[in-house]
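Trainee: Quick one: this structure, given as structure tokens, is what I'll be asking you about.
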Amino acid sequence: MKHAPHRTTGRIHGLAAIAAALLLSGCATTQNPQDPLEGYNRTVFRFNDAVDRTVLKPTATAYKNVTPSFMQTGVNNFFGNLSDAWSAVNNLLQGKGQAGMGDVTRFAFNSTFGIFGLLDIASEAGIPKHNEDFGQTLGVWGVPSGPFLMLPLLGPSTVRDTAALPADIGADIWKYKRPDNWRNIGSAIRVVDKRASLLDAGNLLEDAALDRYEFIRDGYMQRRQSQVYDGNVPRKDDGDDAGAATSNAEPAADPAGKGAAVPPAQPPENPPAK
1257 MKHAPHRTTG RIHGLAAIAA ALLLSGCATT QNPQDPLEGY NRTVFRFNDA VDRTVLKPTA
1317 TAYKNVTPSF MQTGVNNFFG NLSDAWSAVN NLLQGKGQAG MGDVTRFAFN STFGIFGLLD
1377 IASEAGIPKH NEDFGQTLGV WGVPSGPFLM LPLLGPSTVR DTAALPADIG ADIWKYKRPD
1437 NWRNIGSAIR VVDKRASLLD AGNLLEDAAL DRYEFIRDGY MQRRQSQVYD GNVPRKDDGD
1497 DAGAATSNAE PAADPAGKGA AVPPAQPPEN PPAK
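Just so we're aligned: the sequence shown equals residues 1257 to 1530 in the working numbering.
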């Protein structure tokens, strides 16, 4: 009987060794070429997820349940109108003059006749909305996306999109709102409203995805590539499909957002609104 503790300790050490071996083998086989910083990114993802579950999601749920729908629509329209100004600049920088002037028109109409953007009369008038940022502009200019990067609190990104953040933040009109307390309150409402709009999608993701991190990472990378090309991502030959799926470099997109490799059949006259 006096040898039982030694046998128990040996079994524990053996199980620990097996678990460590499985963990190491798993880390060695799940490396994704687009995500060389996966260990770090997963740690940040868990932190973001904890903040979301304990603070953002409950607050957004209460906001959605208590705030009248017309007020939620007004908040969404107001901040969406502010983003149209920077979207116009990026469309023009990308050489998409028609879309850029459309964004200018949207901003002018909604800021005046739409009561500072609370009403989206531009959409009612048939003027499409775009969501262009400087990360997309860099992609159109031929800057590769670089590896996937999960940012604390800000969520999924890439090296290119992270480098573009200072320009996007600096161009945010609300950043210059005075007095500061109004700006801070508005910024908090903006975050909560945006999270509230994603509640249904988030619940579906939690129910469907086996690995939510992978689902978010892969979805983000595909979405960003689609945004750079306005939905017309150039296709490669069948033999290159594997390389296209894992490459983190995006070839330069032309100003119209069309890929140069294989043009799509019967392209639309106007790129789809984003």
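Glycine residues also receive a C-beta, built at the ideal position from the N, C-alpha and C atoms.
1) Residues in the same chain with beta-carbon distance under 7 Å from residue 1257, minus the five sequence neighbours each way, listed in chain order, please.
2) Assign residue 1444 to buried or exposed, taking buried as 16 or more other Cβ atoms, counted over all protein chains shown, within 10 Å of its Cβ.
3) Whole angstroms is fine: what's the gap from residue 1425's alpha carbon to residue 1491's?
4) Which residue's Cα is closest to the Cα of residue 1452: 1317, 1352, 1298, 1374?
5) Whose C-beta lies closer than 6 Å to the C-beta of residue 1348 among residues of the same chain, with five residues either side of it excluded?
6) Leaving out five residues before and five after residue 1399 in sequence, what residues of the same chain have Cβ atoms less than 6 Å from its Cβ?
7) Going by alpha carbons, who is nearest to residue 1291 out of 1403, 1326, 1299, 1350?
8) Can you tell me where the alpha helix (DSSP H) with residue 1379 in it begins and where it stops?
9) So within the stretch 1429-1485, which uninterrupted alpha helix (DSSP H) runs reach at least 4 residues, ignoring any that extend past its ends?
10) Along the chain, which unbroken stretches of the beta strand (DSSP E) at least 3 residues long are found entirely within the stretch 1282-1310?
11) Name the one or two DSSP bridge partners that residue 1418 has.
12) Can you name, in chain order, every residue of its own chain whose Cβ lies under 6 Å from the Cβ of residue 1418, other than the five neighbours on each side?
13) How is residue 1338 classed by DSSP in three states: helix, strand or coil?
14) How many Å lie between residue 1287 and residue 1327 at the Cα?
Mentor: If we stick to the structure as given:
1) As a first step, residue 1257 must be located in the sequence shown, where it is residue number 1. The predicted position of residue 1257 is uncertain, since its pLDDT is 46 and thus under 50; a value taken from the coordinates is nonetheless stated next. So the list is empty, once near-sequence residues are dropped.
2) Here residue 1444 refers to the residue found at position 188 of the sequence shown. So residue 1444 counts as exposed.
3) For this step, residue 1425 is matched to residue 169 along the sequence shown. For this step, residue 1491 is matched to residue 235 along the sequence shown. Distance between the alpha carbons of residue 1425 and residue 1491: 33 Å.
4) As a position in the sequence shown, residue 1452 is number 196, starting the count at 1. For residue 1452, the closest of 1317, 1352, 1298, 1374 by C-alpha to C-alpha distance is 1317.
5) One-based indexing of the sequence shown puts residue 1348 at position 92. In the same chain as residue 1348, and ignoring 5 residues on each side of it, the C-beta atoms closer than 6 Å to its own belong to 1356, in chain order.
6) Locating residue 1399 in the sequence shown gives position 143, where the first residue counts as 1. The answer, listed in chain order, is 1416.
7) Mapped onto the sequence shown, residue 1291 falls at position 35. Ranking 1403, 1326, 1299, 1350 by Cα distance to residue 1291 puts 1403 first.
8) Counting from one through the sequence shown, the residue named residue 1379 turns up at place 123. Taken as a continuous stretch (DSSP letters only), the alpha helix (DSSP H) holding residue 1379 covers 1377-1380.
9) The stretch 1429-1485 contains, as complete alpha helix (DSSP H) runs of 4+ residues, the segments 1436-1453, 1455-1464, 1468-1484 (chain order).
10) Counting only runs of at least 3 residues, the stretch 1282-1310 fully encloses no beta strand (DSSP E) element at all.
11) As a working note, residue 1418 is residue 162 in the sequence shown. Beta-bridge annotation (DSSP): residue 1418 is not paired with any residue.
12) Reading the sequence shown from its first residue, position 162 is the one you call residue 1418. For residue 1418, the CB contacts under 6 Å within the same chain, skipping 5 residues up- and downstream, are 1405 in chain order.
13) Indexing the sequence shown from 1 puts residue 1338 at position 82. In the three-state scheme derived from DSSP, where H, G and I count as helix and E and B as strand, residue 1338 is classed as helix.
14) The count along the sequence shown starts at 1 and reaches residue 1287 at position 31. The count along the sequence shown starts at 1 and reaches residue 1327 at position 71. Roughly 45 Å between the two C-alpha positions.
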